[in-house]
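Colleague:
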Amino acid sequence: MKNILAGPQLNLVVPQPEDFDEISEWYTEGSFLRNLDTAPARPLSGEELEQTYRNLDRQTEFYFHIRTQADDRLIGFVTLYNIEWTNQIAQLAIAIGDPADRGHGYGTEALNLMLNYGFNELNLYKVCLDVIATNHAAISVYQNSGFEFEGTNKLAVKRDGERYDLYSMGLFAEDFQPRIKLV
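In numbering that gives the first Met the number 0, the protein residues as written are 0 to 182.
1. When DSSP builds the beta bridges, which residues end up paired with N152?
2. Give a yes or no on whether the C-beta atoms belonging to Y62 and L55 are separated by under 8 Å.
3. Going straight from the alpha carbon of A99 to that of Y105, what length do you get?
4. Counting only beta-carbon separations shorter than 8 Å, does L165 have a partner in chain D?
5. Assign E161 to one of two classes, buried (16 or more other C-beta atoms within 10 Å of its C-beta) or exposed (fewer than that).
6. Going by DSSP, name the residue or residues bridged to T67.
7. Measuring only the C-alpha atoms, how far is F118 from D159?
8. Can you tell me the Cβ-Cβ gap for I88 and Y124, rounded? I've got them flagged as a contact below 8 Å.
9. May I ask you to list the residues that DSSP assigns as paired with G75?
10. What does the Cβ neighbour count give for E108, buried or exposed, with the cut at 16 atoms within 10 Å?
11. Go to I3, then tell me how far its beta strand (DSSP E) extends in each direction, as first and last residue.
12. Short of 6 Å in beta carbon distance, which residues of its chain neighbour M113, apart from the five on each side in sequence? Order them along the chain.
13. Would you report the Cα separation of L9 and A137, rounded to the nearest angstrom?
14. In chain order, what residues of the same chain have a beta carbon less than 8 Å from the beta carbon of L165, not counting five sequence neighbours either side?
15. DSSP three-state label for N81, please.
16. Between the alpha carbons of I3 and W25, how many angstroms are there, rounded?
17. Given a threshold of 16 other Cβ atoms within 10 Å of its Cβ, counted over all protein chains shown, does N86 qualify as buried or as exposed?
18. First and last residue of the beta strand (DSSP E) that includes L128?
19. Between L35, R33, D20, which lies nearest to G45 when the distance is taken from Cα to Cα?
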């Protein structure tokens with residue numbers, strides 16, 4: 000039987016308590032925070048992050064940490080959340096923490112692992128996400144993985160006195176074509 004949470008380079012794993020202190024360091028980097036969410040940038044302690052994880056609604060959120068297979072290094076997290084079981088729809092969020100780990104295909108692999116999990120294990124019909132228009136790298140990864148633009152919330156995000164669009168993107172299960180070799 001396949002390990003649906005393992006790819007060629009990465010594993011999606013259960014978060015460990017010691018992970019959250021490392022993730023807390025990512026939350027001190029401005030571009031990480033400002034691309035992750037539209038909320039005001041705010042550093043969070045490892046304890047706060049762990050408490051947030053412990054308070055997840057296990058019925059509507061599936062949260063994993065992303066680790067490299069080669070050296071079991073924590074590089075990010077991915078989650079399907081706000082799952083509406085009756086409609087078979089979920090929201091997705093993903094982050095690669097250290098800027099040195101970006102641009103190596105890890106985001107694409109982790110995204111495809113999570114999409115495969117969502118569509119083939121959770122039986123979702125559609126996965127949606129929001130992305131700030133300035134996050135060109137993420138938009139490229141999403142488009143390359145099959146997501147399509149579904150709408151624009153014009154000038155919804157304010158950063159450094161400027162306003163930017165917030166894009167809504169979606170992918171249907173029937174359109175999912177893995178961009179990685181699923182092992």
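Where is the CB? At the ideal position from N, CA and C, for every residue including glycine. Bear in mind the structure is a predicted one, so any value in this text is a computation, not a measurement.
Modeller: Walking through what the data contain:
1. L165
2. For Y62 and L55, yes; Cβs fall inside 8 Å.
3. 11 Å
4. Although the question refers to chain D, the structure presented lacks it and comprises just one protein chain.
5. exposed
6. Beta-bridge pairing by DSSP links T67 to L9.
7. 38 Å
8. Rounded, the Cβ-Cβ distance is 6 Å, consistent with contact.
9. I65, I95
10. buried
11. I3 -> no beta strand (DSSP E), and no H or E assigned at all.
12. V77
13. 18 Å
14. T37, D129, V130, I131, A132, T151, N152, A155, V156
15. N81 carries a strand assignment under DSSP once its states are collapsed to helix, strand and coil.
16. If you take the alpha carbons of I3 and W25, they lie about 27 Å apart.
17. exposed
18. 125-131
19. For G45, the closest of L35, R33, D20 by C-alpha to C-alpha distance is D20.
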